[in-house]
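All remarks here apply to the structure that follows.
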Amino acid sequence: MEIVMVIILFIIIMILKVFEPNIKGYIGESQVNSVLAKIDEYEVLHDIMLKTETGTTQIDHVLIGRKGVFVIETKNYDGWIFGDEKSKYWTQTIYKKKSRFFNPIRQNYGHVKAIEKIIDEKYKDSLHSVIVFGYRCKLKKLTVITPVIYLNDLKKFILKFGNDIKLTSEDISYVYKTLSNANITDKKLRRDHVKMVKAKSRDNR
Numbered sequence: 023m024e025i026v027m028v029i030i031l032f033i034i035i036m037i038l039k040v041f042e043p044n045i046k047g048y049i050g051e052s053q054v055n056s057v058l059a060k061i062d063e064y065e066v067l068h069d070i071m072l073k074t075e076t077g078t079t080q081i082d083h084v085l086i087g088r089k090g091v092f093v094i095e096t097k098n099y100d101g102w103i104f105g106d107e108k109s110k111y112w113t114q115t116i117y118k119k120k121s122r123f124f125n126p127i128r129q130n131y132g133h134v135k136a137i138e139k140i141i142d143e144k145y146k147d148s149l150h151s152v153i154v155f156g157y158r159c160k161l162k163k164l165t166v167i168t169p170v171i172y173l174n175d176l177k178k179f180i181l182k183f184g185n186d187i188k189l190t191s192e193d194i195s196y197v198y199k200t201l202s203n204a205n206i207t208d209k210k211l212r213r214d215h216v217k218m219v220k221a222k223s224r225d226n227r
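Residue numbers (the working numbering): 23 to 227.
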């Protein structure tokens, strides 16, 4: 009986290790969803997938309001985070173990460009890239221009954001509807996108 329990426990641990990145990602995005839901007078889109010239891209969150269109990339990582604006990869350090991940600023730049291709050109200057990290990491040494913030600062950042360009209610409605209509909901295409991302991640290790 004890051997069976050990085997079951081992299987559970292995399953959790395999799906840990997905679980962490889901938790991080859910936390951001909760924060964005509390910001009044903004339209929000979550987990949207858009066509690009080379395939598809998946965007965590798009917040649309008078102050602009905020394209938000979420990272729910542990440890210390190091990186700069233009480097291809950033570094995550947990104790003495270092691992790299694709620069989220460059990743979100692709998201912004995908949106630019879909909406009217006049909204180009209203698009703002924001990178949000969860509670469990420490942003240790970053050299960036693009906003990289903690989750608990997100609402304050949006509310205090200064921008001379103000969107009207018609603008907000147009951007929201255009992105909603462009969103790919086909399950197979979404599965194919996830497979592609995982393959790229393995190649970049």
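We put the CB at the ideal spot given by N, CA and C, even for glycine.
Computed from a prediction, not measured in an experiment: that's the story for all the values here.
Can you list, in chain order, the residues of its chain whose CB lies under 6 Å from that of Arg88, leaving out five sequence neighbours each side? Taking the first residue of the sequence shown as 1, we reach residue 88 at position 66. By the criterion of a C-beta distance shorter than 6 Å, Arg88 is surrounded in its chain by Lys188, Leu189, once the five residues flanking it on both sides are discounted.
So Glu143 packs on Ile127, CB below 8 Å; how close in whole Å? The residue you call residue 143 lines up with position 121 of the sequence shown. The residue you call residue 127 lines up with position 105 of the sequence shown. With a Cβ gap of about 23 Å, Glu143 and Ile127 do not count as contacting.
Check this for me: beta carbons of Val91 and Tyr145, under 8 Å apart or not? Along the sequence shown, one-based indexing puts residue 91 at 69. Along the sequence shown, one-based indexing puts residue 145 at 123. Yes; because the gap between Cβ atoms is below 8 Å, this pair is in contact.
Where does Ser109 fall in DSSP's three states? Position 87 of the sequence shown, counted from the first residue, corresponds to residue 109. In this structure, Ser109 counts as coil in the three-state DSSP scheme.
May I have the straight-line CA-CA distance separating Leu164 from Gly132, to the nearest angstrom? One-based indexing of the sequence shown puts residue 164 at position 142. One-based indexing of the sequence shown puts residue 132 at position 110. Distance between the alpha carbons of Leu164 and Gly132: 20 Å.
Name, in chain order, the residues that DSSP records as bridge partners for Phe123. As a working mapping, residue 123 is identified with position 101 in the sequence shown. Among the bridge pairs identified by DSSP, Phe123 is matched with Trp112.
Could you tell me whether the Cβ atoms of Thr96 and Gly105 are closer together than 8 Å? Walking along the sequence shown from the start, residue 96 turns up at place 74. Walking along the sequence shown from the start, residue 105 turns up at place 83. No, these two residues do not count as a Cβ contact at 8 Å.
Along the chain, where does the alpha helix (DSSP H) containing Ser69 start, and where does it finish? On the sequence shown, position 47 is the one that residue 69 refers to. Note that residue 69 is Asp in the sequence shown, not Ser. Looking at the DSSP string, Asp69 is not in any alpha helix (DSSP H); the run it does join, the beta strand (DSSP E), is 65–74.
Between the segment 58–73 and the segment 116–126, are three or more C-beta pairs nearer than 8 Å? no
How about the segment 71–86 and the segment 197–214: do they share at least three Cβ pairs that are nearer than 8 Å? yes
Runs of alpha helix (DSSP H) lying entirely within the segment 135–191, each at least 4 residues, in chain order: Taking only runs of at least 4 residues, the alpha helix (DSSP H) segments lying wholly in the segment 135–191 are 176–182.
If distances are taken between C-alpha atoms only, which option among Lys182, Ile81, Val154, Leu149 comes closest to Asn98? For this step, residue 98 is matched to residue 76 along the sequence shown. Minimum Cα distance to Asn98 is reached at Val154.
Cutoff 8 Å; reference Asn174; Cβ partners in own chain excluding five residues on either side: Locating residue 174 in the sequence shown gives position 152, where the first residue counts as 1. Cβ contact annotation for Asn174 (same chain, cutoff 8 Å, sequence separation greater than five): Tyr157, in chain order.
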